[in-house]
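Before any comments, here is the structure.
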Amino acid sequence: MLRFLLRRLALAVLVCLTVLVVSFTLTRLSGDIAIAIAGPNATPEDVEIIRKNYGFDRPLPVQFVDWATHAAEGDLGRSYVYKSSVAELIGERLPITLTLGLTGLIIALGTAIPLGVLAAMREGTLIDRGIGLLALLGQAMPSFWLGLVLIIWFGLKLQWLPISGVDTWQGYILPGIVLAFSAIPALMRLTRAGMIDALASDYIRTARAKGLSLATIVLKHALRNAAMPVVSIAAVQLGFMLGGSIVIEQIFALHGVGYLAWESISKNDFPVVQAVVLLLAIIYIALTLLADAMNAVLDPRLRAA
Amino acid sequence: MKLRARHIATVLGAVIVGGTLVVAIIAPLLAPHDPFAQDLMRRLVPPEWLGGTALNPFGTDQLGRDYLSRLIYGARISMLIGILTVVTSGTIGVTLGVLGGYFGGRVDDAVMFAITARLSIPLILVALTVVALTGSSLTVVVLTLGLLLWDRFAVVARTTTMQVRNLDYIAAARAAGASRLHILLREVLPNIVSHLLVVATLEMALAILLEAALSFLGLGVPPPLPSWGLMIAEGKDYMFFSPWVIMVPGIALFVLVLGINLLGDGLRELLGAGRSQ
Amino acid sequence: MIVVPPQSTVLEVANLRVRFGQTAAVRGISLRIERGETHCLVGESGCGKSVTALAVMGLLARGAERQADVLRFHDHDLSRLNERGMARLRGDRMAMIFQEPMTSLNPAYTIGSQMTEVLARHRGSSRREARVRAAELLARVGITAPELRLGQYPHQLSGGLRQRVMIAMALLCDPDLLIADEPTTALDVTVQAQILRLLQRLQRELGLALLLITHDLGIVARMAHRVSVMYAGEVVESAPVEALFAAPTHPYTRGLLDCIPVPGASRRDLPLGNIPGVVPRIAPTFAGCAFRDRCGHAIAVCAEAVPWRRMADGHGYLCRLTEDWDKAA
């Protein structure tokens, strides 16, 4: 078990490094950063000065190693725009993004799982088809558009919920719903499929033969077995949601990491961008590991391996 | 064969996708106006059913451009993005997946590593960065998305290749002395194409949605091209008083993606039902 | 809790019919089981014996239609009970074990958890009481170190052990009726014998009524007090076990018994008997004898209603032939 974990960890570190190298190279190769920083009115001399100052004249691998070694110590550089430490900037905004992500996940699971269970129990009926239709519609909806529509409806016409900022916890509801929307169809389908399989299994027949209540059969016996793939996908979906927060935070004016990333990209503030890529890659990898660990917890058969 | 909801849905999907393709191709013949022609005297005219005139059936945007025409030309952009991206990412992904699945061992390890690494990359972030640096253009968007969206192709190609690799006709081809390239192209590929088609529809929908998101954020297709995502972004400032500026392109996106998904689901059922062990 | 007077009928079924769409799986089964009696329902696969068991327990799949003139468990009219009423009886007064011990237990929960939940549900027992009772029953079915087993997961037990656990679980609430659907078919031959011996012992000790479903006549010979032979959804012959083996009367029963090699009695130079053909699927509109396409004695009248003939000692069969049909010629 320990060997397995160590192997996964080593692999994770390798993947992380690869992602960083890829994004580093992409940014450096996509265009001349010095020109981008200098701005449209700069002279070639200004550009040269900037290039020397920021070390862009060194070979790429050297630049990368330099950045990486600093990053390993926690020094993610300074923002070109804000003139403060990147780590600080991210640290300030991370709680907002994490809260948003978790809100989205909770809404997604709280909607997808009950719907999936209901669809499985009423398999083939109108309810099942209706739920399937909802999933289909949800999948096709562009999330940013949905965000805008919700803002018009709830924020303005009905005036129920705040449409920008997070002064109160209600500010997380609309963006949370929009984030959840992208994850619900997949999670619901998975729950439904898992429940259908579970409900058709021999151990459910045994549970019925034992005279257990419907709630016990569905929730204790069936759902527990159906939940395993849902849990791992949910962890992965959380990662996607955090990545997609760039768009949502922009629409709802939430000053989280996504908003920061967006600003930094448009202002060519590369230390910040690089650091956010690192952060997200680490989060994705950590979530995948977490999903595997949860699988082991849920399925006793995997623990022996 | 009974006419079931599944069949109707698939046909509907095919009609939507096919229809959009046709609209995209004959756009110049269909659009009532030039989508780029501004008319500052007729800004933000509502659609016909909301009080507008027949001159601009879907109203006009904030620069007086006819919305219906922009919508029609926008179909071109969406279809172009969808198809070109899928071709690019499909080529990359299928190549990787087939190689990994067929040869196994170290090659497969490398492919799996690449897939895992790719899955750990925050898509939108990286796409935005690249476009920001290289400058917005249709080509950049297609290339960026194409270079990023190959993972599902690779996974499916790899799995199906592994299933097919051990079947008899592969062994027969090898025994007959066929070269590896020949086997890959003539024996493996045709048998996994059906599954790849399903993936292609999913990735096409994803590409269209991503381009819309990128354009919405201003780092996708550049103005004045009528990308539906860009139209939504441009209309955002006026959406409270003239909601159709975001509703019309949004619904268009929604319907197109829905159609692609319906088609893909239908294909999957059709092919899955006939899938052999 | 019902108090059951000894020597009474535990299960009575008359004219049970089960239909799945266009297939009539069970077409008029009648049987009766007394306390302390083992009734074997025997037949080839596809004859409807498992469906009968599921129908009695109310565990049929959603698309099934069930009808019966009489479907009674003690004083309970099972055809009138809804799902909740049935759930109260199941696991408590009537229990069932199945053929596949490997998949009949939930892999995600311990043996103990799956056993104690039965007691919690039907007896309101506390966890501690339930564990004590569960361990007691595991020991009863011959499982060593019962405390240890309670904490284990199903995948840690062998097939034979799992089947013992299933039996123990079925007996937790002291049911009056145990239905066993091919309980030993998926097990090794040596384990089979052990499980059968166990069932016999338990029946003696607890006075269980046992409905044992099998396709194996050897098991019937060993375990049964009464036998019902099923074919294509009907009982074609029903008798006390000795009478069945001594005087099998229905051509199908004869055919079945001829298929079994008996050391010392079967002649080596003659081929083993076999009944050509397969069990047909019957549509609800079918009339006449279902066996006629495979029977050597079928005539035109076999396509019409077939009489149930009674012999002495509760021995009966479903055929137009008279009792002594093989004595002539």
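For the protein sequence lines, the chains are A, B and C, in the order given.
Start counting at 1 in the first sequence, then tack on 761, and there's your number in my numbering.
The numbers in my numbering rise by one with no breaks, and the one at position 189 of the second sequence is 185.
Start counting at 1 in the third sequence, then tack on 105, and there's your number in my numbering.
We treat Cβ as the ideally placed atom computed from N, Cα and C, and that holds for glycine.
Since the structure is predicted, the reported quantities are computational estimates derived from the model, not experimental observations.
| Query | Result |
| --- | --- |
| Within the segment 128 to 179 of chain C, ranges of the beta strand (DSSP E) (whole runs, at least 3 residues) | 128 to 139, 143 to 147, 169 to 172, 175 to 178 |
| Helix, strand or coil at ARG271 (chain B) according to DSSP, with G and I counted as helix | Low per-residue confidence applies at ARG271 (chain B): pLDDT is 40, beneath 50, and the placement is therefore not dependable enough to give any value. |
| Distance, PRO219 (chain B) Cα to ARG271 (chain B) Cα | Residue placement at ARG271 (chain B) cannot be trusted, given a pLDDT of 40 that sits under 50; what the coordinates show is reported in the next sentence. In a straight line, the C-alpha of ARG271 (chain B) is about 46 Å away from that of PRO219 (chain B). |
| Residues near SER184 (chain C) in its chain [Cβ-Cβ closer than 7 Å; skip 5 each side] | ALA173, LEU176 |
| Own chain partners of ALA128 (chain B) with C-beta closer than 7 Å, once the 5 adjacent residues on each side are dropped | LEU215 |
| Stretch-stretch touch, CB-based, cutoff 8 Å, three pairs: the segment 940 to 948 of chain A with the segment 999 to 1009 of chain A | yes |
| Whether VAL1008 (chain A) touches LEU1021 (chain A) by CB criterion (8 Å) | no |
| Uninterrupted alpha helix (DSSP H) stretches inside the segment 91 to 165 of chain B (no shorter than 4 residues) | 101 to 115, 119 to 130, 134 to 144, 147 to 161 |
| Rounded C-alpha distance that separates HIS831 (chain A) from GLY838 (chain A) | 8 Å |
| Under 8 Å from the C-beta of GLY246 (chain B): neighbouring residues of chain A | PRO903, TRP906, LEU909, VAL910 |
| C-beta contact flag for MET162 (chain C) and MET207 (chain C) at 8 Å | no |
| Proximity winner among B:TYR98, B:LEU80, B:ARG182, B:ALA208, relative to ALA904 (chain A) (alpha-carbon distances) | It should be noted that the sequence gives Ser, not Ala, for residue 904 (chain A). Ranking B:TYR98, B:LEU80, B:ARG182, B:ALA208 by Cα distance to SER904 (chain A) puts B:ALA208 first. |
| Positions along the segment 220 to 239 of chain C whose CB lies within less than 9 Å of some CB in chain A | GLU222, VAL223, ARG226, HIS227 |
| Touching by the beta-carbon criterion (3+ pairs, under 8 Å), the segment 244 to 255 of chain B and the segment 58 to 75 of chain B | yes |
| Interface residues of chain A facing ALA209 (chain B) [CB-CB closer than 8 Å] | PRO903, SER904, PHE905, VAL1008 |
| Span of the beta strand (DSSP E) around TYR422 (chain C) | 421 to 423 |
| Distance between beta carbons of MET227 (chain B) and GLY131 (chain B), contact taken as under 8 Å | The Cβ separation is near 21 Å, so there is no contact. |
| LEU1059 (chain A): contacting residues in chain E (beta-carbon distance under 9 Å) | Among the chains of the structure shown, chain E does not appear; the protein chains present are A, B and C. |
| Alpha-carbon spacing of GLY401 (chain C) relative to THR114 (chain C), whole angstroms | 38 Å |
| Within-8 Å CB hit, THR804 (chain A) to chain B | no |
| C-alpha distance - GLN998 (chain A) paired with ALA901 (chain A), whole-angstrom precision | 17 Å |
| Segments of 4+ residues assigned as alpha helix (DSSP H) that fall wholly inside the segment 281 to 368 of chain C | 294 to 311, 322 to 328, 346 to 351, 356 to 363 |
| Test item: CB-CB of GLN318 (chain C) and SER155 (chain C) under 8 Å | In the sequence as displayed, the identity of residue 318 (chain C) is Ile instead of Gln. Contact: yes. |
| CB-CB length for ALA291 (chain C) against GLY264 (chain C), believed under 8 Å | 7 Å |
| The segment 121 to 133 of chain C / the segment 335 to 342 of chain C touching (three or more Cβ pairs under 8 Å) | yes |
| Member of B:SER65, B:VAL7, B:GLY14 whose CA lies at the smallest distance from the CA of GLN34 (chain B) | B:SER65 |
| Where the segment 947 to 964 of chain A meets chain C: residues whose CB sits under 8 Å from a CB there | SER962, ASP963, TYR964 |
| Beta-carbon neighbours of ASP87 (chain C), restricted to chain A and to distances below 8 Å | Any question about residue 87 (chain C) goes unanswered here, given that chain C covers just 106 to 434. |
| Proximity of VAL992 (chain A) and LEU1059 (chain A) at Cβ, strictly below 8 Å | yes |
| Min CB distance GLY1005 (chain A) to chain B below 8 Å | yes |
| Proximal residues of chain B, C-beta to C-beta of TRP1023 (chain A) below 8 Å | LEU124, LEU213 |
| PHE178 (chain C) burial status per 10 Å Cβ neighbour count (16 or more: buried) | buried |
| Spatial distance of GLY260 (chain B) from HIS3 (chain B) (CA atoms) | 12 Å |
| Neighbouring residues, chain C, relative to HIS982 (chain A) (Cβ below 7 Å) | ASN211 |
| Alpha carbon of GLY829 (chain A) to alpha carbon of PHE817 (chain A), nearest angstrom | Sequence inspection shows Ala at residue 829 (chain A); the Gly mentioned does not correspond to that position. Their Cα atoms are separated by approximately 15 Å. |
| Test item: CB-CB of ILE138 (chain C) and ALA329 (chain C) under 8 Å | no |
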